[in-house]
Structure formats: structure tokens, C-alpha cells
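Heads up: the structure comes next, in C-alpha cells.
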Amino acid sequence: MTIAFITGANKGLGRETARRLIELGHTALLGARDPERGRQAAAALGARFVRIDVTDDASVAAHEGRIDVLINNASIHGPSGDATALTGTDALNVFDVNLVGTVRTTNAFLPLLRRSPDPVIINVSSGMGSLAYTHDPSRAESSVIAPLYTASKAALTMLTTQYAKALPGIHINAADPGYAATDLNGNSGPQAVTEGTDAIITLATENPARAPDASSTEQARSPGPEPATYREGDLQRTPPRRVPLCNHKQADQRRNSRSRPRTWCMNRSSRDPVFAG
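Position one of the sequence shown corresponds to residue 16 (our numbering), numbered consecutively onward.
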């Protein structure tokens, strides 16, 4: 049974991720900054609430035990629109949660993850942080002006690749949930929050050993891409078993679908991140 710790989990993608993991028979530790909202969400889902503020070193460090999956989900949007109105304080606030918070939480939880036989870190990033997508006029990402959010997610994706290289014993990926309706975007997304968690759930449960039973294994794996082999030349060596096998042809076909959740597979043995899911 997987023990997963999720930050920013009292609502939106984090809460739905916790709900789905519990439904699959796993243990979800629901992390949130607001004690009242966090306890209410945990009680409703049957999860355990843990107060955590990813901007506070002391709050992040005060944890013991073992976890198998760390899901860095906590995020804020920051100002949109007029870039001339941005302040240094605005930038510091957004990056402190979206990027530095991930550093704090990841480093603080490394001892707990290393007690797991198969540790996993999932960083919830965004296609809004893609340089290619935000420069492609055919994509929705190119029409949004949110300088600090997009910059923080671009940095988070790069941070994920670096952690994946630096921590070979831990399987590290970044997930793009797509444009899901959450408070972060004023519930304007065209896809349901459940669909937005498909990539996260796939990464958290894709190892069959993590599923409580055979039926849960099938249910957990169903949102993700069908397993496929890499094309010749795409890998320098065989991928670690926790990194999803990404079918490049299928991934290319999905790049133009903004509403479909995607996963960046930060495969330590490939040259470049690949979209899948």
C-alpha cells in the first residue's frame, strides 16, 4: 500500500488526487496550510491531515515516518495581465510557493522517501511553463499573460529534470494536469478536476506493486498511456521501472490537445523530457 503526501491538498487538484488515491486503497496524507480547511477536507475524504506551509522551513521540516510518494502540488497564480504592474514582492511570493516551496518540501522529505523501497516524487507543473507552447499561436497557452506563474512553472520543470539527474535512487517526474477547472483559474477550465489528476494518479500508481489488488491496478493504470517501447536511439540505456514508458508517436499526437492532461516523463536515461498521458 502506498503512503502519499500531497501538499496544497485541501481543495482542487490536490484534494481530488487524495480522494482518488484513497479510493484505490492507498493512504493519503493531506497537507494544507489552513488547519480548518485541511481538517474538513481530510475528514470528508477519510485522509489524515498534516499542517504544512511550504513557505516555512520549520513547518516543512517537522515530519517523521515514511512516505512512498511525495506530490508537490501547492501553487499560487499571482498577478495576470499588465506586466508593468508587477513588483518584486509579487515575484518573490509566487516563486516562494511554486518553486522554492518544492525545494523545501523535497529536501525535507528525502529522509522519509529513502525509507521507501520505491520512492517517487511528482511535481505538478503546467504547460503554461513550456516555451514552445507559449510561443505557438495555435495553442491556448500563447494567449495568456501571467508572467510570474508561467515563469515559476518553467523553472519547476527544469528543477524536476535536475532533481531526476541528481537523485538516481528516486523516480522523479513532472505532471501537466491540463486546463482543469480549479480555484486557481477561477474554475474557468474546460475539463473536470478529476481529468486533471489523471496524469498525477498514473505516475503515483503505475508500478503494479503499489496497487492493493489486481482490480485497483487496472483502475490506477487506465488513465495513462498504454505501455510501449521506446524507438531505437531514444534511450541510452533501459529506463528505470518507475519512469513511465512514453510512446513518442502518441505523445506527439497529444501535444495539440490542451484539454488533455499530460505528463512530462523526466526519464533520467533519455536526452529530453517527453510528453505522455
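Beta carbons are placed, not taken as given, at the ideal position from N, Cα and C, and that holds for glycine.
Sequence-distant residues of the same chain with beta carbon closer than 7 Å to residue i, five excluded per side
i: R119; result: V69, D72, V75
i: D313; result: An answer regarding residue 313 cannot be provided, because it is not within the stretch 16 to 292 covered by the chain.
i: N138; result: N87, T117, L171, T175, A189
i: G5; result: One cannot answer for residue 5 here, as it falls past the ends of the chain, which runs 16 to 292.
i: L127; result: H78, G80, R81, I82
i: V109; result: I91, G93, L163, Y164, S167
Cβ-based burial, residue i [other Cβ within 10 Å; buried from 16]
i: T220; result: buried
i: A57; result: buried
i: P50; result: exposed
i: D97; result: exposed
i: I160; result: exposed
i: A100; result: exposed
i: S140; result: buried
i: S230; result: Only weak support exists for where S230 lies, its pLDDT of 33 falling under 50; the value from the coordinates is given anyway. The residue is exposed, with fewer than 16 neighbouring Cβ atoms inside 10 Å.
i: A179; result: buried
i: T212; result: buried
i: S167; result: buried
i: G27; result: buried
i: T102; result: exposed
i: G93; result: buried
i: T121; result: buried
i: T165; result: buried
i: G142; result: buried
Extent of the continuous beta strand (DSSP E) to which residue i belongs
i: A19; result: 18-21
Whole-Å CB distance - residue i paired with residue j, under 8 Å assumed
i: L163; j: L114; result: Going by Cβ atoms, the distance from L163 to L114 rounds to 10 Å, so no, they are not a contact pair.
i: I216; j: P192; result: In fact, because the Cβ distance is near 10 Å, the residues do not count as touching under 8 Å.
i: V208; j: E31; result: 5 Å
i: V112; j: S90; result: 6 Å
i: A47; j: N25; result: 4 Å
Beta-carbon contacts of residue i that lie in its chain and below 6 Å, excluding the five residues immediately before and after
i: A43; result: A19, A33, L36, I37, A62
i: R130; result: R81
i: G29; result: I21, G23, N88
i: F124; result: L85
i: T149; result: E156, S157
i: R154; result: Y148
i: A106; result: L163
i: L182; result: none
Sequence-distant residues of the same chain with beta carbon closer than 8 Å to residue i, five excluded per side
i: A169; result: G144, S145, L146
i: T17; result: L36, H41, T42, D83, V84, A219, T220, R225
i: P227; result: Here the model assigns P227 a pLDDT of 48, short of 50, so the residue's position is not dependable, and the following value carries that caveat. Closer than 8 Å at the Cβ level, and outside the excluded window around P227, lie M16, L39, G40, H41.
i: Q55; result: N25
i: G184; result: R129, P134
Extent of the continuous alpha helix (DSSP H) run through residue i
i: I187; result: Segment 186-191 is the beta strand (DSSP E) holding I187; no alpha helix (DSSP H) there.
i: E210; result: 208-211
i: E31; result: 27-38
i: G103; result: 103-110
i: S167; result: 162-181
Residue i Cβ short of 7 Å to the ligand ADP heavy atom set
i: G53; result: No copy of the ligand ADP occurs in the structure displayed, which carries no ligand at all.
Exercise. Can you list, in chain order, the stretches of the beta strand (DSSP E) that have 3 or more residues and sit fully within the region 48-94?
Worked result: For the beta strand (DSSP E) assignment, the uninterrupted runs of no fewer than 3 residues enclosed by the region 48-94 are, from N- to C-terminal side, 63-66, 84-87.
For this session: Jot down the residue ranges of each uninterrupted alpha helix (DSSP H) in the region 119-152, minimum 4 residues, whole runs only, in chain order.
Result: Within the region 119-152, complete alpha helix (DSSP H) segments of at least 4 residues are found at 146-149, given in chain order.
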